[in-house]
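Since the structure comes first, as structure tokens, the remarks are kept for the end.
Numbering (the numbering used here), first residue to last: 2 to 295.
Okay, here's the thing in structure tokens:
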């Protein structure tokens, strides 16, 4: 009986204690559940944010991919353009190289043609001058020992040679018509010089001093012209020199060789000039033909 009583008492005590413990445990679980729920909500929010960020990232990636595709397309186009430019550059370089080589060849040919032209021009000029120089030798050879050296002078200038002969070697005093015997070797030498070069032409120029001439009513200019004309006529009629190569002229007293202040000077001024001149027109024509041939 006593044992039964103890059992009942124990059960009674247990029955009082158990509900409190259950409540306490339940409260603890509720608190833990609430905490976990809060944590779960935070995690859920975090997941949501992550998903949003991921979606935005996907969107950005899509944009990047689209941009990348566009850039790749542009790069491909630019590479094609670059290849085309390289091809054009190569073609242009080859063309320019060919043109440069052609230009160099043309320049070389032009330089050679120019050098040839200059050489031919120099040859023509030399021939032109040679005719004049040769005329000097022919004159000297014809006058040597036949005409006193004090009676004549020979001078040379560009393209011409002048033989000056004193009047008393050619004419009798006061005369414009009568030639002395000493005129013959002079006129022969002049004729030979002209025949040595068919391009040479002759101008016979009469000169006086500044004193009145022996002919009445005749100026010094006219007096000198009469003598020059007489010489030209003698060359044409006696020495058969073509009149086409002859010209008679007069300077009268206006082309003195020396001062008229002395008798010696006046004597030197009374002279006949034989001016042998190369035909410049022929030279110019020949030079022009050379230019046309180039």
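Virtual Cβ for every residue (Gly too), placed ideally from N, Cα, C.
Item, Value
"Distance CB(residue 201)-CB(residue 277) smaller than 8 Å", "yes"
"Beta-carbon contacts of residue 197 that lie in its chain and below 8 Å, excluding the five residues immediately before and after", "132, 135, 136, 139"
"Host beta strand (DSSP E) of residue 172 (start-end)", "Careful: residue 172 lies outside any beta strand (DSSP E) and carries neither H nor E."
"Three-state secondary structure assigned by DSSP to residue 161", "strand"
"Continuous beta strand (DSSP E) stretch holding residue 242: start and end", "Where residue 242 is concerned, there is no enclosing beta strand (DSSP E), given that its DSSP letter is neither H nor E."
"Three-way DSSP call (helix, strand, coil) for residue 203 in this model", "strand"
"Sub-8 Å separation of residue 210 and residue 127 beta-carbons", "no"
"Three or more C-beta pairs below 8 Å linking the segment 247–261 and the segment 217–226", "yes"
"Segment limits, beta strand (DSSP E) that includes residue 248", "247–253"
"Cβ neighbours of residue 228 in the same chain (closer than 6 Å, five flanking residues each side left out)", "177, 207"
"Start-end ranges of the alpha helix (DSSP H) lying completely within the segment 46–91, minimum 4 residues", "none"
"The segment 183–191 / the segment 143–160 touching (three or more Cβ pairs under 8 Å)", "yes"
"Top-ranked residue by Cα proximity to residue 232, from 213, 259, 272, 50", "272"
"Segment limits, alpha helix (DSSP H) that includes residue 191", "184–196"
"Simplified DSSP state of residue 274, which is helix, strand or coil", "strand"
"Cβ neighbour criterion (16 or more within 10 Å) applied to residue 59", "exposed"
"Buried/exposed call for residue 279, threshold 16 Cβ in 10 Å", "buried"
"Inter-residue spacing [alpha-carbon to alpha-carbon] between residue 130 and residue 123", "10 Å"
"Nearest-angstrom Cα separation, counted from residue 245 out to residue 192", "14 Å"
"Counterpart residues of residue 279 in DSSP-defined beta bridges", "201"
"Residue 216 to residue 237 span [Cα, whole Å]", "25 Å"
"Beta-carbon proximity check, residue 205 vs residue 275, cutoff 8 Å", "yes"
"C-alpha gap between residue 212 and residue 175, whole angstroms", "13 Å"
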